[in-house]
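Read the structure below first, then the notes.
4 protein chains.
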Amino acid sequence: MFKADRIRAMSDGMFAILITILVLDFKLPEYRVGHLLAAILQQWPILLAYVVSFAYIGTLWLFHHDFFSTISQITPALNIINLLVLFSITLINYATSLISATLSTLNVADLRTAIIIYDICALLISFTFELMYRYVYRHPELKEHQRNANEEAYFIKSDPIISVGIYFASIIISFFSVIIGGAFLLAGIIWHATAYVRLSNKVRRRA
Amino acid sequence: MFKADRIRAMSDGMFAILITILVLDFKLPEYRVGHLLAAILQQWPILLAYVVSFAYIGTLWLFHHDFFSTISQITPALNIINLLVLFSITLINYATSLISATLSTLNVADLRTAIIIYDICALLISFTFELMYRYVYRHPELKEHQRNANEEAYFIKSDPIISVGIYFASIIISFFSVIIGGAFLLAGIIWHATAYVRLSNKVRRRA
Amino acid sequence: MFKADRIRAMSDGMFAILITILVLDFKLPEYRVGHLLAAILQQWPILLAYVVSFAYIGTLWLFHHDFFSTISQITPALNIINLLVLFSITLINYATSLISATLSTLNVADLRTAIIIYDICALLISFTFELMYRYVYRHPELKEHQRNANEEAYFIKSDPIISVGIYFASIIISFFSVIIGGAFLLAGIIWHATAYVRLSNKVRRRA
Amino acid sequence: MFKADRIRAMSDGMFAILITILVLDFKLPEYRVGHLLAAILQQWPILLAYVVSFAYIGTLWLFHHDFFSTISQITPALNIINLLVLFSITLINYATSLISATLSTLNVADLRTAIIIYDICALLISFTFELMYRYVYRHPELKEHQRNANEEAYFIKSDPIISVGIYFASIIISFFSVIIGGAFLLAGIIWHATAYVRLSNKVRRRA
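Residue numbers (the numbering used here), protein chains in the order written: chain A, 249 to 455; chain B, 249 to 455; chain C, 249 to 455; chain D, 249 to 455.
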């Protein structure tokens with residue numbers, strides 16, 4: 249067992265890079281001289297996809313931050329699971345570029361592909377987070393002492409299972425309507441963000 | 249409430265990446281063999297935009313650094329506001345590429361677009377910083393104990409409101425003259441940097 | 249001699265960046281509108297190479313993490329050796345792009361080139377890690393006191409020598425069969441990952 | 249005055265990114281299928297420029313690391329000087345790409361341009377380091393108490409002035425011979441690295 253400091257530093261470093269490289273796809277558009285504004289206005293899909301993915305990775309970082317601040321010891325197994333979590337989050341960069349490209353052309357088949365791939369990445373992320381939560385739940389010796397039993401169940405009960413449902417529904421619905429499928433994907437991400445606010449309020453009231 | 253260490257680490261990581269990826273736009277120019285020097289000399293707009301944006305993000309980092317060194321505890325809300333601050337700073341990368349591209353062609357309409365978008369990003373940054381200052385001002389329990397009441401007002405009173413005025417003026421003026429509008433934008437950034445020096449001298453004299 | 253904190257921070261920063269920039273090669277494919285899915289499916293070599301290299305760098309980070317958590321003091325020489333380790337790992341990014349490009353075209357001569365270059369990078373990594381292990385083994389004063397003699401031999405005895413053998417065999421075999429040569433390369437990386445799990449179990453049982 | 253921890257973290261983050269993004273220019277070459285090896289062998293200028301610049305930035309990091317480990321307090325002015333140091337190091341990325349491009353075509357005029365620009369960046373780096381050393385020399389209150397007067401002069405006396413001479417000579421000589429000018433540039437960088445080893449040996453002998 250090792251102290252948790254360095255796994256936090258490594259994770260924060262990766263989160264900082266992952267959330268920042270998203271902006272690298274938000275580039276100077278090709279434009280005819282004198283018509284820059286028109287070219288920029290056509291970039292709304294890139295800005296939209298960027299804002300959503302930034303909010304998504306930001307929310308994941310907040311959950312990760314709060315979760316690891318309850319942990320004082322780590323094991324090699326937790327280190328490996330954490331790498332799986334981070335790996336799955338790296339894929340959002342690729343999925344984001346698919347969304348912004350297909351929102352530009354608005355081809356239904358391509359949009360469906362992009363939404364489903366984003367959903368699969370989101371499912372993978374929720375799955376690996378769930379894995380991490382369950383592992384720590386089964387290893388209470390990794391926790392800081394001052395935490396109580398209620399808080400140990402804090403993360404487990406909440407987020408991942410419901411979001412898995414939403415993302416799964418988004419995949420199925422996308423075969424019938426990309427608009428409703430896309431709305432479910434967006435709802436899943438907003439649900440994550442509000443879940444964070446809701447849970448952190450609950451923790452504050454208890455304290 | 250959590251200790252402020254990790255929010256500092258995450259923020260520093262993002263600042264380090266944001267300020268460093270600016271240089272990625274400062275690339276080998278396309279050139280005819282034997283005429284590299286001429287091609288490099290034509291890159292002055294990229295160098296100029298790079299220097300200004302590096303100074304700007306550097307100044308923002310200095311303010312952020314000094315501000316967070318007065319804080320010992322963080323809340324989820326402060327974490328979220330800090331993410332908004334960092335999000336708004338990520339947009340400078342895009343705005344910088346617009347400025348350097350339009351300085352190369354010197355088309356007035358395009359320059360106006362680029363200056364106004366840079367101004368909007370700067371306004372957003374000042375607004376989110378102001379939000380962060382006000383939040384901490386209303387939550388003095390997050391501060392370290394040794395700080396006094398004067399210092400609590402330190403950040404609030406100063407920077408953001410005046411800079412919002414300068415950037416707003418720059419937008420309006422750009423519709424009449426891109427040169428004066430651009431000068432106001434530059435003045436706003438220089439004002440930030442000198443405000444940092446001025447404020448840190450004030451703090452030193454008091455100590 | 250200096251405290252080991254900052255060498256850990258620098259190394260973690262570089263590992264975080266190295267493992268994250270791998271994903272930058274996993275980009276939006278060029279595709280005909282309406283045929284995005286087909287274009288994505290043809291990207292399997294990029295995904296495969298990405299997963300393998302992510303697992304490889306991740307494993308190297310785990311070894312590095314565990315190794316440095318036994319060290320409390322560093323010397324300039326260790327700092328230099330550590331930079332050599334990190335330099336050799338940066339080359340994986342290039343080797344990965346060779347593998348994914350040649351897996352797309354499946355030309356035997358090109359595949360052989362890509363596999364051998366990846367092997368050479370992996371040999372260099374194992375060699376520099378070995379150098380680092382041996383240096384610290386000869387300087388037990390750098391270690392934390394609570395570690396025992398058994399653990400001092402922990403890293404030395406195990407990983408690098410066997411992996412050097414596997415990667416060397418992969419180079420030789422590639423001249424006769426790129427499929428078996430590639431399989432050896434993959435086996436070397438998987439061997440690293442399992443070596444980490446095996447060794448960390450051994451340490452746990454002893455504790 | 250603030251604790252020096254966060255300036256170290258920010259600097260390490262930027263060094264880690266600066267040294268790692270160098271590898272982004274070391275990319276998959278364009279090649280005819282079946283002729284990858286030939287295309288790779290023609291990339292030797294990129295590899296050479298990469299190795300030299302990695303060694304250079306690595307050496308700068310080692311100096312920076314050792315220097316800041318003698319400092320326990322920072323002022324806003326030191327923060328600003330440190331940003332100037334880091335700014336000047338970011339330019340190496342651009343200068344490196346000029347060197348590798350001109351080594352590929354071997355045009356004398358272009359090589360001269362590339363060498364002189366690399367020299368100017370190196371001069372700027374040595375100058376800003378010197379600025380930082382002198383500032384801390386004049387502010388001994390920023391130092392940790394256990395250091396003695398000899399060590400306070402440790403950095404000042406040594407590195408920057410001689411290297412400024414070498415880089416300046418390289419610029420002048422480049423107008424007559426790019427080969428000798430380039431050799432001086434390389435000598436300057438090797439001199440830095442050996443200066444680090446020499447000085448750290450001196451410190452060790454004294455301790």
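Quick reminder that beta carbons are idealized off the backbone N, C-alpha and C, glycines included.
Taking one C-beta from the region 349-361 of chain B and one from the region 307-317 of chain B each time, how about it: are there three or more such pairs within less than 8 Å? The region 349-361 of chain B, when compared against the region 307-317 of chain B, does not touch it at the 8 Å Cβ threshold.
One question on the structure: do C:PHE335 and D:PHE302 come within less than 8 Å of each other, judged by their Cβ atoms? Contact: yes.
Taking the CB atoms as reference points, tell me whether A:ILE347 and A:ALA297 lie closer together than 8 Å. Yes, the Cβ-Cβ distance between A:ILE347 and A:ALA297 is below 8 Å.
Measure the beta-carbon distance from C:SER418 to C:GLY436 and round it to whole angstroms, keeping in mind my assumption that it falls under 8 Å. About 7 Å separates the Cβ atoms of C:SER418 and C:GLY436, confirming a contact at the 8 Å cut-off.
Between B:LEU295 and the rest of its own chain, which residues show a CB-CB distance below 8 Å, the 5 nearest in sequence each way excluded? A distance below 8 Å between beta-carbons, with the five flanking residues on each side excluded, links B:LEU295 to the following residues of its chain, in chain order: PHE274.
Whole angstroms are fine: how far does the CA of C:ALA343 sit from the CA of B:ARG382? C-alpha separation (whole angstroms): 50 Å.
Contact list for D:THR353 against chain B, beta-carbon separation under 8 Å: From the beta-carbon of D:THR353, the residues of chain B found nearer than 8 Å are VAL281.
Going by CA-CA distance only, name the one from B:LEU351, B:LEU331 and B:VAL412 that's closest to B:ASP260. Considering only alpha carbons, the answer is B:LEU331.
In whole angstroms, what is the alpha-carbon distance linking B:ILE328 and B:PRO388? Rounded to the nearest angstrom, the two C-alpha atoms are 18 Å apart.
Classify D:ILE373: buried if its beta carbon has 16 or more other beta carbons within 10 angstroms, exposed otherwise. Around the CB of D:ILE373, 16 or more other CB atoms lie within 10 Å, so the residue is classed as buried.
Buried or exposed (CB count within 10 angstroms, at least 16 for buried), A:PHE340: Here the sequence assigns Ile to residue 340 of chain A, which means Phe is not the residue at that position. It counts as buried.
Option in D:ILE319, D:ARG386, D:THR268 and D:LEU284 with minimal Cα separation from C:THR353: Per the Cα distances, D:LEU284.
Thinking just about the alpha-carbon of each residue, which of B:SER411, B:THR268, B:ILE269 and B:ILE363 is nearest to the one in B:LEU371? B:LEU371 has its Cα closest to that of B:SER411, out of B:SER411, B:THR268, B:ILE269 and B:ILE363.
Identify which residue in D:LEU266, D:ALA349 and D:HIS440 has its Cα closest to the Cα of B:VAL281. It is D:ALA349.
Could you confirm whether any beta carbon from chain B is found closer than 8 Å to the beta carbon of D:ALA297? Chain B contact via Cβ: absent.
Is the Cβ of B:ASN449 closer than 8 Å to any Cβ of chain A? Output row for B:ASN449: interface = no.
By a C-beta neighbour count over all protein chains shown, 10 Å radius and 16 as the cutoff for buried, is A:ILE428 buried or exposed? With fewer than 16 neighbouring CB atoms inside 10 Å of its own CB, A:ILE428 falls in the exposed class.
Determine, for D:TYR304, whether the minimum Cβ-Cβ distance to residues of chain C falls below 8 Å. Not closer than 8 Å to any Cβ of chain C, the Cβ of D:TYR304 fails to qualify, so no.
Please name the residue, chosen from A:LYS391, A:VAL333 and A:TYR366, that lies closest to A:ILE414 on a Cα-to-Cα basis. Closest option to A:ILE414, Cα to Cα, is A:TYR366.
Name the chain C residues whose beta carbon is nearer than 8 Å to that of D:HIS313? The answer, in chain order, is PHE250, ARG254, ILE255, MET258 and ASN327.
Please return the same chain residues whose Cβ sits closer than 7 Å to the Cβ of D:ILE337, not counting the five positions on each side in sequence. If we look at D:ILE337 and ignore the five residues flanking it on each side, its Cβ neighbours are LEU266, ILE305, LEU308 and ILE373.
Span separating the alpha-carbon of B:LEU351 from that of B:LEU447: If you take the alpha carbons of B:LEU351 and B:LEU447, they lie about 33 Å apart.
Is there a Cβ from chain E that is less than 8 Å from the Cβ of B:ILE340? In the structure shown, chain E does not exist; the protein chains are A, B, C and D.
Using CA atoms only, rank isn't needed, just tell me which of C:ILE409, C:VAL333 and C:ALA257 is closest to D:HIS313. With distances taken between Cα atoms, D:HIS313 lies closest to C:ALA257.
Near-chain B residues of the region 354-386 of chain D (beta-carbon distance less than 8 Å), N- to C-terminal order: So the close ones are ASN355, ALA357, ASP358, THR361, ALA362 and ILE365.
Between A:ASN398 and chain B, is any beta-carbon pair separated by less than 8 Å? Because A:ASN398 carries a pLDDT of 49, less than 50, the predicted location of this residue cannot be relied on, and the following value inherits that uncertainty. It does not: the Cβ of A:ASN398 has no partner Cβ on chain B nearer than 8 Å.
Assuming B:MET262 and A:ALA264 make a contact with CB atoms under 8 Å, what is their CB distance in whole Å? 5 Å between Cβ atoms; contact.
Could you give the residue range of the alpha helix (DSSP H) that holds A:TYR279? DSSP places A:TYR279 in no alpha helix (DSSP H); its state is neither H nor E.
Just checking my contact of D:LEU272 with C:ILE269 at CB under 8 Å: how many whole Å lie between their CB atoms? Indeed they touch by this definition, with Cβ atoms about 7 Å apart.
Limits of the alpha helix (DSSP H) - the one that B:GLU378 falls within: Looking at the DSSP string, the run of the alpha helix (DSSP H) that includes B:GLU378 is 356-386.
Using DSSP bridges, identify the partner residues of C:ILE319. Answer is C:LYS391, bridged to C:ILE319.
Would D:SER320 pass as an interface residue toward chain B - the criterion being a Cβ-Cβ separation below 8 Å? Not one chain B Cβ lies under 8 Å of D:SER320.
With DSSP run on the structure shown, which of helix, strand or coil describes A:SER336? Note: A:SER336 maps to helix in three-state DSSP.
Counting contacts by CB-CB distance shorter than 8 Å, is B:THR323 in contact with chain D? By this cut-off, B:THR323 is not an interface position.
State yes or no: is the beta carbon of D:ALA343 nearer than 8 Å to at least one beta carbon in chain B? Contact with chain B is absent for D:ALA343, since none of that chain's Cβ atoms lies less than 8 Å from the residue's Cβ.
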